[in-house]
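Peer 1: In this text, residue positions in the sequence shown follow my numbering: the first is 12, and each later residue adds one. Every residue gets a Cβ at the ideal spot worked out from N, C-alpha and C, and that includes glycine. Since the structure is predicted, the reported quantities are computational estimates derived from the model, not experimental observations.
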Amino acid sequence: MLIAITGWSDCLLFQRQGQARSAMDSIDQRTIEKLAEFEKKQDPTLLYEILDSLEAAEAGIAVGDTTARKRAVARRLRLFAALDRQIDPTWNQKTPPPHGVPLPPVHGIVYGSGEVDPASIPDPEERARYVQALQANKGAQQRYSVQLELRRIDERARLFFDRFVTDRYGTSEPDRKEVDELLAASPVNEARKAYVRALMARRR
Numbered sequence: 012m013l014i015a016i017t018g019w020s021d022c023l024l025f026q027r028q029g030q031a032r033s034a035m036d037s038i039d040q041r042t043i044e045k046l047a048e049f050e051k052k053q054d055p056t057l058l059y060e061i062l063d064s065l066e067a068a069e070a071g072i073a074v075g076d077t078t079a080r081k082r083a084v085a086r087r088l089r090l091f092a093a094l095d096r097q098i099d100p101t102w103n104q105k106t107p108p109p110h111g112v113p114l115p116p117v118h119g120i121v122y123g124s125g126e127v128d129p130a131s132i133p134d135p136e137e138r139a140r141y142v143q144a145l146q147a148n149k150g151a152q153q154r155y156s157v158q159l160e161l162r163r164i165d166e167r168a169r170l171f172f173d174r175f176v177t178d179r180y181g182t183s184e185p186d187r188k189e190v191d192e193l194l195a196a197s198p199v200n201e202a203r204k205a206y207v208r209a210l211m212a213r214r215r
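Below is the structure:
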């Protein structure tokens, strides 16, 4: 009877591990897909969705589950690499683009947005310049908004990554080696690698 109970327990454990691996595979796939979609659409909502799913998955990782924690760190590093590809280091929050563009000399009714209907501009050259200026201004405002959100996302991602490393990694040589191997295999830049290594160094 004891053998049967032990065998059943082992079976349940194996089943749960298989379910956990399947869930992680699903999270990995969704993360990759959403990152690719963000790079096309530049919609920060996709990155917030990634953060939500990563944080939920990491909360369920048991202390001592090295396989799960390695996968979690690899996912985080993939996210950091994507952020670094998109974050513009020259962006300055204190210099937002102007709201709107100058109106042409002759135009129709000015709407509450400060814009006019381009069709109300009689001069075709003035109309074309106005439309081009509007498009450029809206593009600049969109880029400013995305850069602002990217920094907020990066701050949140760092906060949770710091907590995860603090909770799941110790000061042993195997733990340090594991992180070094993950960094070597990841697409993150040298600045990110230095940040992670400094984080591990504080664990000593």
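Given a cut-off of 9 angstroms on the beta-carbon distance, is the pair F175 and E69 in contact?
Peer 2: Yes.
Peer 1: Given 8 angstroms as the limit, is there contact between the segment 186 to 195 and the segment 77 to 94, that is, 3 or more CB pairs closer than that?
Peer 2: The answer is yes - the segment 77 to 94 touches the segment 186 to 195, with three or more Cβ pairs under 8 angstroms.
Peer 1: Buried or exposed for A209, going by 16 or more other Cβ atoms inside 10 Å?
Peer 2: Classification for A209: exposed.
Peer 1: Distance check for I38 and P113, CA to CA, integer angstroms please.
Peer 2: Taking the straight line from one Cα to the other gives about 48 angstroms.
Peer 1: Taking just the CA atoms, how far does Y141 sit from K51?
Peer 2: Taking the straight line from one Cα to the other gives about 27 angstroms.
Peer 1: With burial defined as no fewer than 16 other Cβ atoms inside 10 Å of the residue's Cβ, what is the status of Y242: buried or exposed?
Peer 2: Absent from the model: residue 242. The displayed extent of the chain is 12 to 215, so no value can be given.
Peer 1: Among Y155, A202 and K204, which has the Cα closest to the Cα of T101?
Peer 2: Checked all of Y155, A202 and K204; the closest Cα to T101 is Y155.
Peer 1: Assuming the contact rule is C-beta atoms closer than 8 angstroms, D134 and V117 should be a hit. Round their C-beta distance to whole Å, please.
Peer 2: About 7 angstroms; that satisfies the 8 angstroms criterion.
Peer 1: Since R167 and L62 are thought to touch, with beta carbons under 8 angstroms apart, how far apart are those beta carbons, to the nearest angstrom?
Peer 2: Confirmed, Cβ separation roughly 6 angstroms.
Peer 1: So which of T106, L57, P115 and G125 has the shortest CA-CA distance to Q136?
Peer 2: Checking the sequence shown, residue 136 turns out to be Glu, not Gln. Here the closest residue by C-alpha is P115.
Peer 1: Who are V121's beta bridge partners in DSSP?
Peer 2: In DSSP, V121 forms a bridge with V127.
Peer 1: Would R179 pass as a contact of A83 if the rule is Cβ separation under 9 angstroms?
Peer 2: Their beta carbons are under 9 angstroms apart, which means R179 touches A83 by this criterion.
Peer 1: Under the three-state reduction of DSSP, which class applies to V190: helix, strand or coil?
Peer 2: Here V190 sits in helix by DSSP.
Peer 1: Does DSSP put N103 in a helix, a strand or coil?
Peer 2: In the structure shown, N103 sits in coil (DSSP, three-state: anything other than H, G, I, E or B).
Peer 1: For Q97, tell me which candidate among M211, G111 and I164 has the shortest Cα-Cα distance.
Peer 2: The shortest Cα separation from Q97 among M211, G111 and I164 belongs to I164.
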